[in-house]
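**Q** Take a look at the following structure, please.
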Amino acid sequence: MTIDLALVIDLVGVFFFAVSGSLLAARKGFDLVGSLLLGSMVGLGGGVIRDIILNVGPPAAFTNPVYLVPPLLAAGVVYFLVGGVERVSRLVLAFDAGGLALFCVTGTLKALDTGMNAIAALVLGVTTAVGGGILRDVTANRVPRVFDPQDLYAIPAFFGAGITVLLWHHGWLNLITGTIAAVVVFVLRLLALRFHWHAPLAARSWARPRFTRG
Amino acid sequence: MTIDLALVIDLVGVFFFAVSGSLLAARKGFDLVGSLLLGSMVGLGGGVIRDIILNVGPPAAFTNPVYLVPPLLAAGVVYFLVGGVERVSRLVLAFDAGGLALFCVTGTLKALDTGMNAIAALVLGVTTAVGGGILRDVTANRVPRVFDPQDLYAIPAFFGAGITVLLWHHGWLNLITGTIAAVVVFVLRLLALRFHWHAPLAARSWARPRFTRG
Amino acid sequence: MTIDLALVIDLVGVFFFAVSGSLLAARKGFDLVGSLLLGSMVGLGGGVIRDIILNVGPPAAFTNPVYLVPPLLAAGVVYFLVGGVERVSRLVLAFDAGGLALFCVTGTLKALDTGMNAIAALVLGVTTAVGGGILRDVTANRVPRVFDPQDLYAIPAFFGAGITVLLWHHGWLNLITGTIAAVVVFVLRLLALRFHWHAPLAARSWARPRFTRG
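The listed protein sequences correspond, in order, to chains A, B and C. Letter 210 of the first sequence, counting from 1, is numbered 210 in full-length UniProt numbering, and no numbers are missing. Letter 145 of the second sequence, counting from 1, is numbered 145 in full-length UniProt numbering, and no numbers are missing. Letter 24 of the third sequence, counting from 1, is numbered 24 in full-length UniProt numbering, and no numbers are missing.
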């Protein structure tokens, strides 16, 4: 049951992140192969990093071919359905938020199932959630979204990973509660984007600079 | 025998990729130490990623000191023999193509020898082949070559990994057939560069943009 | 005893690198969460890469929560104490030098304790020392410091890793000699910065170009 929960949510999360990667590939002028590669990298990267850190054998993304389906689907959807450039940046953010929301839950769950302690599971869940997006942005040669000071990115992921740890420790984690946790994270992230919620800057006394990305 | 094949082709592949890294270091104005580091990173990076994913103990690049010889040779060759800047970009591409061709064969073979299924071995072979170059370009702060839509990069690697899986499953893989597979990939890559063969763009309806790199 | 030495020096090294990451985050205009993430990435990244390559189970940075203390401290120190932008670039270099000095000793020691041969331990010590800084600079979208040809970066780390291997093989490695080795590396690095010591360029016959970073 727990495994099914992980696999179902995980594949949906891979799809969301893969769409964000394929959309970015389109915006950057990459070709269909680049779209598939960048989508795979962001969709599967966070989970691969998680599995490598957990050190429990080859990552599921490589041993289980079903993980290749979401990136293929994503590249196809973007190829056939994306019409104009104007809404793409916003779509990247929306699908990225979906991946973030699902991966902070599944990443934490996978770490807990492997026997990691609560703090390690929390940190690893956040790593899974933000890892793929960092890979995507670094590869596309721009400053990762997680560092944009105009809104909140990692804090919703921390929140979702924390909820997952709590639910798991009380035995309340199942497909429904896990999905609710992910939806809460997704909504938090979209609200942060919409209303420009932001955290204090890294140095207290500095003026908020104009943040630019590649 | 299989192991010897892997080691021989692997070391030649490391040398080719390492030359591409040291040449890029020269073009970027790095020093001799940076040339050795960037050459090592691209030459050994793909294999280290492969071995970490296969989870079969410390990567060969670290446990077997012979793997350090090709990057040292490459840095030396570039230091003494590279005369002018004009042909370096083309040389980077040629040596990169050699590394790509050999690594898609050896990466796939290593994965098959470790017991991975055919699809996983194919994906891991391509990862090995393109991984080092992505590390090189990301580190040198430019968009990885694999995303350049003007020619084909990953498709020849997919092709080579596929041939290797087929040869291996029929028991026909040896030093000769493996080398032939690598040569075919190398020639495909050079033809794609020469004649600007390219794949469709990531979004069907968009115009082909001007692709720029760092 | 050896383990205590490793942990003590390791945590101080994590703190130094984390401060360099949080300072860079401040200079780049990231927020407090970005400061914590970038500090964690540079502070813990080198050790995580080392532990993944050694393949000895989940990295200590994830299983032992004490490793999260230095990045939290570093983000706090930078938040409250950094006043103006003018001296930050120099502070990044100084703290980076401290992390480099300590990690080339602890990285080598950890590899030797795990049974790696002398050459592998040397290479892995240097990888640990330069890995975090490469992650930091690549993530912040600039060419890694290790490739700056105006001074020496990797050579002091090679030197420190070499001394550590020698001390260990003669049974002379302890808290005092290890600290002395790190101090020597730190001083070498600062002298190289101050007096612009540099290595030959990657290609012998080229003029030294103007090196620019992001």
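From the three backbone atoms N, C-alpha and C, an ideal C-beta is built for every residue, glycine too. Remember, predicted model here, so these are calculated numbers, not experimental data.
Could you check which residue in Leu11/B, Val77/B and Val66/B has the C-alpha nearest to that of Ser35/B?
**A** What you label residue 35/B is simply residue 35 of the second sequence in a count that begins at 1. Comparing Cα positions, the closest option is Val77/B.
**Q** Which bits of chain B does His198/C rub up against, with CB to CB less than 8 angstroms?
**A** Along the third sequence, read from residue 1 onward, the residue named residue 198/C stands at position 198. Within chain B, the residues near His198/C are Asp31.
**Q** In chain B, which residues lie less than 9 angstroms from Ile52/A when you measure between Cβ atoms?
**A** Locating residue 52/A in the first sequence gives position 52, counting from the first residue. Within 9 angstroms Cβ-Cβ: Ile52, Ile53 and Asn55.
**Q** Verify the CB distance criterion: does Lys49/C have a CB-CB separation below 7 angstroms to chain B?
**A** If you number the third sequence from 1, residue 49/C lands on position 49. The sequence given here has Ile at residue 49/C, not Lys. No, its Cβ sits nowhere closer than 7 angstroms to a Cβ of chain B.
**Q** Can you give the Cα-Cα distance for Val19/C and Leu72/C, rounded to whole angstroms?
**A** Here residue 19/C corresponds to residue number 19 of the third sequence, with the count starting at 1. Here residue 72/C corresponds to residue number 72 of the third sequence, with the count starting at 1. For Val19/C and Leu72/C, the distance between alpha carbons rounds to 10 angstroms.
**Q** Based on Cα-Cα distance, which residue from Ala181/A, Pro156/A and Gly45/A lies nearest to Leu166/A?
**A** Walking along the first sequence from the start, residue 166/A turns up at place 166. The alpha carbon of Leu166/A has as its nearest neighbour, out of Ala181/A, Pro156/A and Gly45/A, the alpha carbon of Ala181/A.
**Q** Which word fits Trp172/C, buried or exposed, when buried means at least 16 other C-beta atoms lie within 10 angstroms of its C-beta?
**A** The sequence position of residue 172/C within the third sequence is 172, counting from 1. Counting Cβ neighbours within 10 Å, Trp172/C comes out exposed, since fewer than 16 surround it.
**Q** Tell me which residues share the same chain as Met1/A and place their Cβ nearer than 6 angstroms to its Cβ, disregarding the 5 neighbours each side in the sequence.
**A** Taking the first residue of the first sequence as 1, we reach residue 1/A at position 1. Legend: pLDDT at Met1/A = 44, less than 50; position of this residue unreliable, value from coordinates given subsequently. Closer than 6 angstroms at Cβ, skipping near neighbours: no residue.
**Q** Identify the residues that DSSP records as bridge partners of Leu201/B: which are they?
**A** The residue you call residue 201/B lines up with position 201 of the second sequence. Residue pairing for Leu201/B: DSSP places it in a beta bridge opposite Asp31/A.
**Q** Could one say the Cβ of Pro65/A lies closer than 7 angstroms to chain B's Cβ atoms, at least one of them?
**A** Residue 65/A sits at position 65 when you count from the first residue of the first sequence. So yes, Pro65/A belongs to the interface.
**Q** Applying the 10 Å Cβ sphere with the 16-neighbour rule, what's the burial state of Gly132/A?
**A** Stepping through the first sequence from its first residue, residue 132/A is reached at position 132. So Gly132/A counts as buried.
**Q** Using a cut-off of 8 angstroms between C-beta atoms, extract the partners of Ser22/C located in chain A.
**A** Here residue 22/C refers to the residue found at position 22 of the third sequence. Near Ser22/C (Cβ distances below 8 angstroms), the residues of chain A are Ala202.
**Q** Mind checking Ser89/C: buried by the 16 CB within 10 Å criterion, or exposed?
**A** Start at 1 with the first residue of the third sequence, and residue 89/C comes out as number 89. Exposed is the call here.
**Q** Report, in whole angstroms, the separation of the C-beta atoms of Leu100/A and Pro156/A, which I expect to be a contact under 8 angstroms.
**A** Taking the first sequence and counting its residues from 1, one reaches residue 100/A at position 100. Taking the first sequence and counting its residues from 1, one reaches residue 156/A at position 156. Right, the Cβ-Cβ distance comes to about 7 angstroms (below 8 angstroms), so this counts as a contact.
**Q** What is the rounded straight-line gap between the Cα of Asn117/B and the Cα of Leu81/A?
**A** On the second sequence, residue 117/B is found 117 positions in, with the first residue counted as 1. On the first sequence, residue 81/A is found 81 positions in, with the first residue counted as 1. So the two alpha carbons sit approximately 33 angstroms from each other.
**Q** Less than 7 angstroms between CB atoms is the rule here; does Leu42/B satisfy it with respect to chain A?
**A** Residue numbering aside, residue 42/B sits at position 42 when the second sequence is read from its first letter. Position check: residue 42/B holds Val in this sequence, whereas Leu was assumed. With 7 angstroms as the cut-off, Val42/B does not count as an interface residue toward chain A.
**Q** If you drop the 5 nearest sequence neighbours on each side, which residues of the same chain put their C-beta closer than 7 angstroms to that of His198/B?
**A** Residue numbering aside, residue 198/B sits at position 198 when the second sequence is read from its first letter. Closer than 7 angstroms at the Cβ level, and outside the excluded window around His198/B, lie Pro149, Gln150, Asp151 and Leu152.
**Q** Would Phe195/C count as contacting chain B if we go by Cβ distances under 7 angstroms?
**A** Along the third sequence, read from residue 1 onward, the residue named residue 195/C stands at position 195. Not closer than 7 angstroms to any Cβ of chain B, the Cβ of Phe195/C fails to qualify, so no.
**Q** Out of curiosity, what's the CA-to-CA distance linking Val48/B and Ile119/C?
**A** As a position in the second sequence, residue 48/B is number 48, starting the count at 1. As a position in the third sequence, residue 119/C is number 119, starting the count at 1. Whole-angstrom Cα-Cα distance: 17 angstroms.
**Q** How about Pro149/C: is its C-beta nearer than 7 angstroms to some C-beta of chain B?
**A** Against the third sequence, residue 149/C aligns to sequence position 149. Yes, contact with chain B.
**Q** Helix, strand or coil for Val69/B, going by three-state DSSP, please let me know.
**A** Residue mapping note: residue 69/B aligns to position 69 of the second sequence, counting from 1. Helix at Val69/B.
**Q** Between Leu24/A and the rest of its own chain, which residues show a CB-CB distance below 7 angstroms, the 5 nearest in sequence each way excluded?
**A** On the first sequence, residue 24/A is found 24 positions in, with the first residue counted as 1. Cβ neighbours of Leu24/A beyond the five flanking positions: Leu38, Val92, Arg136 and Ala140.
**Q** In whole angstroms, what separates the C-alpha of Thr127/C from that of Asp96/B?
**A** One-based indexing of the third sequence puts residue 127/C at position 127. One-based indexing of the second sequence puts residue 96/B at position 96. Roughly 23 angstroms separates the two Cα atoms.
**Q** CB-CB under 8 angstroms to His170/C, same chain, minus the five flanking residues each way: which ones, in chain order?
**A** For the purposes of this step, residue 170/C is taken as the residue at position 170 of the third sequence. Counting only residues of its own chain and dropping the five nearest sequence neighbours on each side, His170/C has no CB closer than 8 angstroms to any other CB.
**Q** Can you have a look at Arg189/B and say buried or exposed, based on whether 16 or more other CB atoms are within 10 angstroms of its CB?
**A** Here residue 189/B corresponds to residue number 189 of the second sequence, with the count starting at 1. Label assigned to Arg189/B: buried.
**Q** Please give me, in chain order, every unbroken run of the beta strand (DSSP E) with length at least 3 that falls completely inside the region 95 to 158 of chain A.
**A** Whole beta strand (DSSP E) segments, 3+ residues: zero.
**Q** May I ask you to report which of helix, strand or coil DSSP gives Val92/C?
**A** Counted from its first residue, the third sequence places residue 92/C at position 92. Note: Val92/C maps to helix in three-state DSSP.
**Q** From Val184/C, Arg142/C and Ala202/C, pick the residue whose C-alpha is nearest to that of Cys104/C; which is it?
**A** Along the third sequence, read from residue 1 onward, the residue named residue 104/C stands at position 104. That would be Val184/C, whose Cα lies nearest to the Cα of Cys104/C.
**Q** Are the C-beta of Phe17/A and some C-beta of chain B separated by less than 7 angstroms?
**A** The residue given as residue 17/A occupies position 17 in the first sequence. It does not: the Cβ of Phe17/A has no partner Cβ on chain B nearer than 7 angstroms.
**Q** Would you decide whether Ala129/C is buried or exposed? Buried here means 16 or more other CB atoms lie within 10 Å of its CB.
**A** Stepping through the third sequence from its first residue, residue 129/C is reached at position 129. Ala129/C comes out buried.
**Q** Is there at least one Cβ from chain B nearer than 7 angstroms to Ser89/A's Cβ?
**A** Numbered from 1 along the first sequence, position 89 holds the residue referred to as residue 89/A. No, because no Cβ of chain B sits closer than 7 angstroms to the Cβ of Ser89/A.
**Q** Counting C-beta neighbours from all protein chains within 10 Å, is the total for Ile176/C 16 or more, i.e. buried, or is it exposed?
**A** As a working note, residue 176/C is residue 176 in the third sequence. Label assigned to Ile176/C: exposed.
**Q** Whole angstroms is fine: what's the gap from Ser22/B's alpha carbon to His196/A's?
**A** Taking the first residue of the second sequence as position 1, residue 22/B is located at position 22. Taking the first residue of the first sequence as position 1, residue 196/A is located at position 196. The straight-line gap from Cα to Cα measures roughly 44 angstroms.
**Q** Looking at the ligand GDP, does it come within less than 6 angstroms of Tyr79/C, judged from the CB to the closest heavy atom?
**A** The ligand GDP is absent from the structure shown, which contains no ligand whatsoever.
**Q** For chain A, is any of its Cβ atoms less than 7 angstroms away from the one on Pro58/C?
**A** The residue labelled residue 58/C in the question sits at position 58 within the third sequence. Interface residue, yes.
**Q** Could you name the residues of the same chain whose beta carbon sits closer than 6 angstroms to that of Gly214/B, not counting the 5 residues immediately before and after it, in chain order?
**A** The sequence position of residue 214/B within the second sequence is 214, counting from 1. With a pLDDT of only 43 at Gly214/B, under the threshold of 50, the placement of this residue in the model should not be trusted; the figure read from the coordinates follows. Answer for Gly214/B: Asn141 and Arg142, listed in chain order.
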